[in-house]
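Asks:
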Ligand SMILES: [Zn+2]
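Laid out in structure tokens, this is it:
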């Protein structure tokens, strides 16, 4: 019982939740990879990303793009990039 309740009482912090899936992009896509939601029917494999990892990957349009089916960008555009250190350029 205690084991079952542990997760609910100590949830994973949002920043550490891996809720995106990285797959090779189909040839028609210019980017090398596509970022999917975990439950996207187009996604497979075990390469999971956190919000920040997904944002960093998507920062390079030739590296990764958002899946057109599950549209991760509709969620990720509300996620702020990791805070820069004050005073950094
Ligand atoms: Zn998808």
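Numbering (our numbering), first residue to last: 4 to 92. All residues carry an ideal CB built from backbone N, CA and C; glycine is no exception. Fair warning: this is a prediction, and the values are worked out from it, not measured in the lab.
#1: Determine the extent of the beta strand (DSSP E) in which residue 68 is found, giving its start and end residues.
#2: Taking 8 Å as the cut-off, decide whether the C-beta atoms of residue 67 and residue 35 are in contact.
#3: Among 83, 19, 65, which has the Cα closest to the Cα of residue 28?
#4: Out of curiosity, what's the CA-to-CA distance linking residue 14 and residue 85?
#5: Indicate, with yes or no, if ligand 1 has a heavy atom lying under 7 Å from the CB of residue 40.
#6: Cβ of residue 46 within 7 Å of any heavy atom in ligand 1?
#7: How many whole angstroms separate the CB atoms of residue 60 and residue 20, which I take to be in contact at a CB cut-off of 8 Å?
#8: With DSSP as the reference, identify every bridge partner of residue 50, one or two as the case may be.
Replies: The answer reads as follows:
#1: 67-69
#2: yes
#3: 65
#4: 21 Å
#5: yes
#6: yes
#7: 16 Å between Cβ atoms; not a contact.
#8: None; residue 50 has no bridge partner.
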